[in-house]
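These notes concern the structure reproduced below.
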Amino acid sequence: MVCIASNCFSIFIFILLGLFLVFTYFVVQPRDCSDILKSGVSEDGVYSVFPTHDPNGFMVYCDMSTDGGGWTVIQRREDGSVNFFRGWEAYRDGFGTTTGEHWLGLQRIYSLTRSGGFELRIDMADFDNATAFAHYSEFSVGRDSVNPEEDGYPLTVDGYSGTAGDSLLKHSGMRFTTKDRDQDQSENNCAAYYQGAWWYRNCHTSNLNGQYLRGGHASYADGVEWSSWTGWQTKSASLVSDR
Numbered sequence: 001m002v003c004i005a006s007n008c009f010s011i012f013i014f015i016l017l018g019l020f021l022v023f024t025y026f027v028v029q030p031r032d033c034s035d036i037l038k039s040g041v042s043e044d045g046v047y048s049v050f051p052t053h054d055p056n057g058f059m060v061y062c063d064m065s066t067d068g069g070g071w072t073v074i075q076r077r078e079d080g081s082v083n084f085f086r087g088w089e090a091y092r093d094g095f096g097t098t099t100g101e102h103w104l105g106l107q108r109i110y111s112l113t114r115s116g117g118f119e120l121r122i123d124m125a126d127f128d129n130a131t132a133f134a135h136y137s138e139f140s141v142g143r144d145s146v147n148p149e150e151d152g153y154p155l156t157v158d159g160y161s162g163t164a165g166d167s168l169l170k171h172s173g174m175r176f177t178t179k180d181r182d183q184d185q186s187e188n189n190c191a192a193y194y195q196g197a198w199w200y201r202n203c204h205t206s207n208l209n210g211q212y213l214r215g216g217h218a219s220y221a222d223g224v225e226w227s228s229w230t231g232w233q234t235k236s237a238s239l240v241s242d243r
């Protein structure tokens, strides 16, 4: 190659910059939606995240609009189009459509939150289009667990604020129960009895994976329930996590 010194220097700098950008692209990957927001992206949508303990990554929906943005959606109920009365494997691995009704999966939620420092926000609406939210400054699933599935993916929440009332603190410390894996403190399987799946105690003050019941109904406590707000007639609910 023939060049004058200044041109060679410029080419050398360009090559170094290119290598740095390539290196950065492969090494610096977003752990969750808050990292994506910090990178300058501010549009709601589906993105790939790579939690520290799950380097293969997975797709999530990022809420970049609510309360400052950067929220990773871990559950959404909105129209009853997806069946949430499912077994253990489905809740462990996740189901539904990321852009619509879905459950992200206990293993993925564990991967996102196991290192601590996360918060949880739950946004709800009723059939009269009134809205409310609950915020918890501390949130994790399977914290400090070496084998989270064997331990039942226990829930940790604390530090409530919001307008919906606190219907989740009672469930803190509980293991997750599904219709085919009973890990609650009731003599019955709460998931089977109330047709949901949750961190039941004996049994629940919230049941956001319950049946999608459209307005008033005769059955007891088996809907999408947040007892301190609308009881069990919630129209929509979204659980999101941020760091």
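Under full-length UniProt numbering, the residue at position 171 of the sequence shown is numbered 171, and the numbers go up by one with no gaps. The beta carbon of each residue, even a glycine, is placed where N, CA and C say it ideally should be. It should be emphasised that the depicted structure is a prediction, and the values quoted were computed from it without experimental measurement.
Residue i versus residue j: straight-line alpha-carbon distance, rounded
| i | j | result |
| --- | --- | --- |
| alanine 237 | tyrosine 91 | 17 angstroms |
| leucine 112 | threonine 99 | 19 angstroms |
| alanine 134 | proline 55 | 31 angstroms |
| tyrosine 194 | aspartate 79 | 19 angstroms |
| aspartate 242 | isoleucine 109 | 11 angstroms |
| tryptophan 103 | phenylalanine 95 | 5 angstroms |
| glutamate 225 | phenylalanine 118 | 24 angstroms |
| proline 30 | valine 240 | 17 angstroms |
| isoleucine 74 | cysteine 62 | 10 angstroms |
| leucine 37 | glutamate 187 | 45 angstroms |
| residue 249 | arginine 77 | Not covered by the structure: residue 249. The range shown for the chain is 1 to 243. |
| phenylalanine 85 | valine 28 | 38 angstroms |
| arginine 214 | phenylalanine 127 | 8 angstroms |
| phenylalanine 23 | glutamate 43 | Its pLDDT being 41, under 50, phenylalanine 23 is placed unreliably in this model, and the value from its coordinates should be taken loosely. Each residue's Cα considered, the two are about 25 angstroms apart. |
| methionine 174 | glycine 68 | 30 angstroms |
| asparagine 83 | cysteine 190 | 17 angstroms |
| aspartate 180 | aspartate 144 | 25 angstroms |
| aspartate 151 | histidine 53 | 17 angstroms |
| glycine 165 | glycine 159 | 12 angstroms |
| alanine 125 | serine 39 | 31 angstroms |
Beta carbon of residue i nearer than 8 angstroms to that of residue j
| i | j | result |
| --- | --- | --- |
| serine 34 | glycine 70 | yes |
| tyrosine 153 | leucine 120 | no |
| valine 60 | valine 49 | yes |
| serine 137 | histidine 171 | no |
| arginine 201 | aspartate 182 | no |
| phenylalanine 176 | valine 157 | no |
| threonine 178 | aspartate 123 | no |
Residue from the options whose Cα sits closest to the Cα of residue i
| i | options | result |
| --- | --- | --- |
| alanine 132 | Ser227, Gln183, His171, Phe85 | Ser227 |
| serine 167 | Pro148, Asn188, Leu208, Phe118 | Leu208 |
| glycine 196 | His204, Gln211, Asp184 | Gln211 |
| valine 46 | Ser39, His53, Asp144, Thr72 | Thr72 |
| serine 115 | Pro51, Asp93, Gly162, Ile74 | Pro51 |
| tryptophan 229 | Thr178, Gly68, Thr163, Met64 | Thr163 |
| aspartate 93 | Tyr160, Asp67, Pro148 | Pro148 |
Residue interval of the beta strand (DSSP E) (run including residue i)
| i | result |
| --- | --- |
| threonine 131 | 131-141 |
| serine 111 | That residue, serine 111, is in no beta strand (DSSP E); its alpha helix (DSSP H) goes 106-113. |
| aspartate 63 | 58-63 |
| tyrosine 160 | 155-162 |
Any chain C beta carbon closer than 8 angstroms to residue i
| i | result |
| --- | --- |
| glutamate 78 | Protein chains in the displayed structure number just one, and chain C is not present. |
Assumed close pair residue i, residue j - CB separation to whole angstroms, cut-off 8 angstroms
| i | j | result |
| --- | --- | --- |
| leucine 155 | valine 141 | 6 angstroms |
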